[in-house]
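Residue numbering for the sequence shown is 1255 to 2099, as defined by this note's numbering. Glycine is no exception: its CB is placed at the ideal position from the N, C-alpha and C atoms.
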Amino acid sequence: MKLAAQGSVSKVLLTLAGGLLLSNSLVALAGTKTFHADYRGTAKLVLDVDYVNKAVKSGEELARTYLQDNAKEFGIVSLDQLKLAHVKHSLLGTHIFFQQMHNGYAVENGNIVVSIRKADQRVYRVYNNFYTVSTEAKTVKAFKAVSDKSAYDIAWKNLKVHGKLLDKPTTETLYRVDEKGSFRFVIKTMLHVEAPFGAWEHVIDARTGEVLSRRDTRIERFKTAVNSEKAVNVKLRAYKGPTIDRNAEFARFEKQQQTQAELNKKAKMSSIVVNGQGLVFDPDPRTTLNSEELMDDSPAESFEDAYFLRPLRDIVQVGNEFQLKGPWVKIEDFESPSSEPSISENGDWSAKRGEGAFNDVMTYYHIDNSQRYMQSLGFVGETGIQYGPISADADGLSGADNSHYIPSSNKIAFGHGCVDDNEDADVILHEYGHAINHSINSNWGGGDSGAMGEGFGDYWAASYSVGISGTDFQVNKVFNWDGEPCWPGRSLNVLDARYDHEKNYGAHQDMGGYASDELWSTPLFQSLLALREQGVAREEVDKIILEAQFGLGSGVKMRDMAQAIVATAKELFPEGPHADVFIEKFSHHQILAVPQASFNLEGISILGAGEDGVIDPGDTFELRFKLKNQGTLIATDIIGLVSTETDGVSVLQESSTFPNLEIGSMADNATAYRVKVVDDFECGKELQLDLSLGFNGGPSSQAILSTTLPTGRAKGLQQSIEVNANIPDANDQGVESTITFSEEGVVSSNFNININIEHSYIGDLNVELTAPSGKKLVLHNNTGSANDNIIGNYPRTLTPSEPLSQLVGEPLNGVWTLKVVDSSGSDIGKLVSWGIADIASFECQ
């Protein structure tokens, strides 16, 4: 008798990979195309485009012709949905940015970028984040019941604003699209205020006025508990003081801006551009002095040999005052504490650490110097990056020990506390790295951009230190001065970190021993070190990494960016080792997917297990495993060995072969495995079997699949359900699923719950079970911090927040409801499945 085992296969894939040796066949692995993993399924990033410019067109005309010819691949129904947004230029190409429009309004993050190579006017890269418009979405009309003024009032009230405006407020009306393709007409407001401190974006339903989301858009150097969304919510709920009158504060800010504009106009008319000089750390005192003993409270004389006199180029002289305002950075005071920028009477700044003027000079010099370095790489004029002055507050964040970049206003501020943040060039250049990201890609956000932005900032700082210091002091560490005395800092050689393309990596996520930021900075920086060992100049590596960011849009993943970097390396330095080294480093972390066969156990057939098809004590039965190749390379010469460590179980026929498996194909083993269970085996106990596979199919040649099989027939109630429902982000309504029992009986001490929730930060989640009687039981209560997923069984492998014993005696019949709530933003997840079982006993023959 043949019976397929139901619900008994526990799929675990353990790949045993040795060192990665790149062959010629793997050098092409960088890939030429990625696809959207959501409802669209359309092409996302296309590299090495094979398209003939038959009509010899150029610019927007060529881009539109290409999109018209490939509209189906990108989900475009009509090119009338695309509006030219802007054009950017880089070393290699011209990048045509189109904004997706719907009913006359922009679609948030809906963009397509067509990149045209300057050398031959051919399309060479396309980045598509166009949202396919469903029939349902077409009916969502642009009906705006909430005015911009009302939207400001709603956001102001939601924030309980009790501090002054720090920047000009803005509104934008557009469509927002969720993961299922539903379009929603919304108003987005931006309020940068002193209290509650932040640059707050609200998304408000344009029809109802409902606040759909709120987030602080500042990009902080490191995440702090006091600035987390949960902490902010607590603060806002606790605040009982008055709210500032919005109209009055808007009027005050507008008058202040007019006054300041008039003062700036007068100052500009009487100003001249000159050069000055000042003392700085370059890059930081620990690196310069090669000293791990230097601390924040070390005596002042300990730092004397770490100062350098550096030029302060193109600063402004107004009358007898020299000011740190230049073409690429302006030192200003726009955040508390109130501290006017320093001035000089002769253009010389001689202040040292501990004086505000020293922080001003450090900030001006290192940002200005970084901009001029990019220009030396060729990014100047129309190809310039951050090609204009950025405002920097050298003493901001209310004195907190942190720093941030504000995309909405293109400003940087540095905090003090322990070591002042801008005593370390790493911190200054890290923050400027965020400005670089947003200058190249104005749609930077979503996907893995949080972790990549932080990782790039760390890389940009470390690349400078390697180039300027002339020493290997803590070469794989970033924030060598600010980080060591005050906080752990971050590493640039987290070689054990591995990438999962199915996840989204936000900034500063705890990945269990390392930060998400380090998953991106490590392969970048290790590529730099490896290439320098081969005689490649740092400038060439930096040029590749900057150029690769052009021509991309919203929702970039690490794999997208890695592929773009490899493709750019091939374009800029086709004869060099650059591309091969990047491939090796990205592949080590599985950011680039090396062609590799991998397997899933799709089912198990049990033969000869008695008349009822159930495995009982004393049975000898046969097994056939249905194996699927879910990898990206054909698997050949597959041999499988079955083994077990379960007492009382022996494998009589342990070896069998499988036919060759093409990508996506399935097959059973040729010769059935035979397994024997002893006569006195405990009824109801599970058998654990391991299937060890050897095969040819990529760098890895071994894998282990583990499964458990039950014995005996269960007596009692058992039911499970596949849900596959997204958990709404930052939404107290959550997602609910129900299971209904019609059998009589009450909950026993055997009651248990299987659950499968995919989520990248389970500390955001609350999971609650409601019995038919209405009694509620909390299974998970916002614990686990940044750990991934809740998968297992309550109480066998998972510990419930409240004991299941509270349900004993409750009626089983009726509707059981599981509710999952994600109380915070950024991390998203899914309720995959769940089930209830109350098995009183097992029956064996």
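Do the CB positions of HIS1684 and GLY1707 come within less than 7 Å of each other?
Locating residue 1684 in the sequence shown gives position 430, counting from the first residue. Locating residue 1707 in the sequence shown gives position 453, counting from the first residue. Cβ atoms of HIS1684 and GLY1707: not closer than 7 Å.
Is GLY1650 closer than 7 Å to GLU1589 when the C-beta atoms are compared?
Mapped onto the sequence shown, residue 1589 falls at position 335. Mapped onto the sequence shown, residue 1650 falls at position 396. Yes, these two residues count as a Cβ contact at 7 Å.
Would you mind reading off the limits of the beta strand (DSSP E) that contains ILE1975?
By one-based count along the sequence shown, residue 1975 stands at place 721. First-last of the beta strand (DSSP E) with ILE1975: 1967-1981.
Secondary structure at THR1497, three-state DSSP: helix, strand or coil?
On the sequence shown, residue 1497 is found 243 positions in, with the first residue counted as 1. Reduced to three states, the DSSP call for THR1497 is coil.
Could you pull the start and end residues of the beta strand (DSSP E) that LYS1584 belongs to?
As a position in the sequence shown, residue 1584 is number 330, starting the count at 1. 1583-1585 is the span of the beta strand (DSSP E), which, as asked, contains LYS1584.
Please determine if the segment 1381-1391 and the segment 1439-1451 are in contact, where contact requires at least 3 C-beta pairs separated by less than 8 Å.
no
What are the start and end residues of each continuous beta strand (DSSP E) run of 3 or more residues lying completely inside the segment 1696-1740, in chain order?
none
Contact check, LEU1881 vs LEU1855 under 8 Å by CB: the rounded distance?
Here the question's residue 1881 lines up with position 627 in the sequence shown. Here the question's residue 1855 lines up with position 601 in the sequence shown. The Cβ separation is near 7 Å, so the contact holds.
If you pair each beta-carbon of the segment 1418-1428 with each one of the segment 1336-1351, do three or more pairs fall below 8 Å?
Under the three-pair Cβ rule at 8 Å, the segment 1418-1428 does not count as touching the segment 1336-1351.
Taking all protein chains shown into account, do 16 or more other C-beta atoms lie within 10 angstroms of the C-beta of LYS1757, making it buried, or fewer, making it exposed?
The residue labelled residue 1757 in the question sits at position 503 within the sequence shown. Around the beta carbon of LYS1757, a 10 Å sphere encloses 16 or more other beta carbons of the protein chains shown; the residue is thus reported as buried.
For LEU1321 and VAL1368, which I take to be in contact (beta-carbon distance under 8 Å), what is that distance rounded to the nearest angstrom?
Translated into positions along the sequence shown, residue 1321 becomes position 67. Translated into positions along the sequence shown, residue 1368 becomes position 114. Yes, they are in contact, since the Cβ atoms of LEU1321 and VAL1368 sit about 7 Å apart, within 8 Å.
Just grab the DSSP bridge partners of GLN1907 for me.
Mapped onto the sequence shown, residue 1907 falls at position 653. Note: GLN1907 sits in a beta bridge opposite ARG1928.
DSSP three-state call for PHE2005: helix, strand or coil?
As a first step, residue 2005 must be located in the sequence shown, where it is residue number 751. Three-state result, PHE2005: strand.
Kindly say whether VAL2032, judged by its beta-carbon, lies nearer than 7 Å to any beta-carbon of chain B.
Absent here is chain B; the protein component of the structure consists of one chain.
Applying the 10 Å Cβ sphere with the 16-neighbour rule, what's the burial state of ASN1623?
Indexing the sequence shown from 1 puts residue 1623 at position 369. So ASN1623 counts as buried.
Name the DSSP bridge partner or partners of ASP1302?
Translated into positions along the sequence shown, residue 1302 becomes position 48. Answer by DSSP bridge pairing: none, since ASP1302 is not bridged.
Can you confirm whether the segment 2012-2020 touches the segment 2075-2092 when touching is taken to mean that 3 or more C-beta pairs between the two stretches lie within less than 8 Å?
yes
Three-state secondary structure (DSSP) at ILE1694?
As a working mapping, residue 1694 is identified with position 440 in the sequence shown. Here ILE1694 sits in helix by DSSP.
Classify LEU1280 as helix, strand or coil using the three-state DSSP reduction.
Working through the sequence shown from its first residue, we reach residue 1280 at position 26. Low local confidence applies: a pLDDT of 38 at LEU1280 is under 50, so the model's placement there is unreliable, and no value is given.
Residues in the same chain with beta-carbon distance under 7 Å from PRO1565, minus the five sequence neighbours each way, listed in chain order, please.
Residue numbering aside, residue 1565 sits at position 311 when the sequence shown is read from its first letter. Excluding residues within five positions, the ones whose Cβ falls inside 7 Å are ASN1529 and GLN1531.
Report the residue ranges of all beta strand (DSSP E) runs contained in full by the segment 1502-1536; include only those spanning at least 3 residues, in chain order.
Complete beta strand (DSSP E) runs here, min 3: 1525-1535.
Distance check for SER2078 and ASN2004, CA to CA, integer angstroms please.
Taking the sequence shown and counting its residues from 1, one reaches residue 2004 at position 750. Taking the sequence shown and counting its residues from 1, one reaches residue 2078 at position 824. Roughly 34 Å between the two C-alpha positions.
Would the beta-carbon of SER1852 fall within 7 Å of that of GLY1885?
Residue mapping note: residue 1852 aligns to position 598 of the sequence shown, counting from 1. Residue mapping note: residue 1885 aligns to position 631 of the sequence shown, counting from 1. Against a cut-off of 7 Å, the Cβ pair of GLY1885 and SER1852 comes out as a contact.
Tell me, please, which residues DSSP counts as bridged to PRO2065.
What you label residue 2065 is simply residue 811 of the sequence shown in a count that begins at 1. Its beta-bridge partners are VAL2000.
Using only the alpha-carbon positions, how far apart do ARG1379 and GLY1347 sit?
Position 125 of the sequence shown, counted from the start, is the residue given in the question as residue 1379. Position 93 of the sequence shown, counted from the start, is the residue given in the question as residue 1347. When rounded, the distance between both Cα atoms is 9 Å.
Report the three-state DSSP secondary structure of PRO1777 (helix, strand or coil).
Walking along the sequence shown from the start, residue 1777 turns up at place 523. Helix.
In chain order, which continuous runs of the beta strand (DSSP E) of length 3 or greater are located wholly inside the segment 1565-1602?
1575-1577 and 1583-1585
Would SER1596 and ASP1568 be called neighbours here (beta carbons separated by less than 7 Å)?
Your numbering for residue 1596 matches position 342 in the sequence shown. Your numbering for residue 1568 matches position 314 in the sequence shown. Cβ atoms of SER1596 and ASP1568: not closer than 7 Å.
Residues bridged to SER1645 by DSSP?
Taking the sequence shown and counting its residues from 1, the one referred to as residue 1645 is at position 391. Beta-bridge partners assigned by DSSP to SER1645: LYS1584 and LYS1665.
For ASP1750, which residues of its own chain have a beta-carbon under 8 Å away from its beta-carbon, when the five flanking residues on both sides are left out?
Walking along the sequence shown from the start, residue 1750 turns up at place 496. Here ASP1750 has GLY1767 and TYR1768 as same chain residues with Cβ atoms under 8 Å from its own Cβ, once five neighbours each way along the sequence are excluded.
So, under 8 Å CB-CB, VAL1583 and ILE1644 are touching, yes? Tell me the CB distance rounded to an integer number of Å.
Residue numbering aside, residue 1583 sits at position 329 when the sequence shown is read from its first letter. Residue numbering aside, residue 1644 sits at position 390 when the sequence shown is read from its first letter. That pair is a contact at about 6 Å.
According to DSSP, is THR1898 part of a helix, a strand, or is it coil?
By one-based count along the sequence shown, residue 1898 stands at place 644. Three-state result, THR1898: coil.
Identify whether TYR1686 lies in helix, strand or coil by the three-state DSSP scheme.
Numbered from 1 along the sequence shown, position 432 holds the residue referred to as residue 1686. TYR1686 falls in the helix class under three-state DSSP.
Does the segment 1543-1559 touch the segment 1512-1522, meaning 3 or more C-beta pairs lie closer than 8 Å?
no
Looking at the unbroken alpha helix (DSSP H) that takes in THR1542, where does it start and where does it end?
The sequence position of residue 1542 within the sequence shown is 288, counting from 1. Membership of THR1542 in the alpha helix (DSSP H) is indicated by the continuous run 1539-1543.
Among the candidates ASN2047, LEU1746 and THR2037, whose CA atom is the shortest distance from the CA of SER1719?
The residue given as residue 1719 occupies position 465 in the sequence shown. Among ASN2047, LEU1746 and THR2037, the Cα nearest to that of SER1719 belongs to LEU1746.
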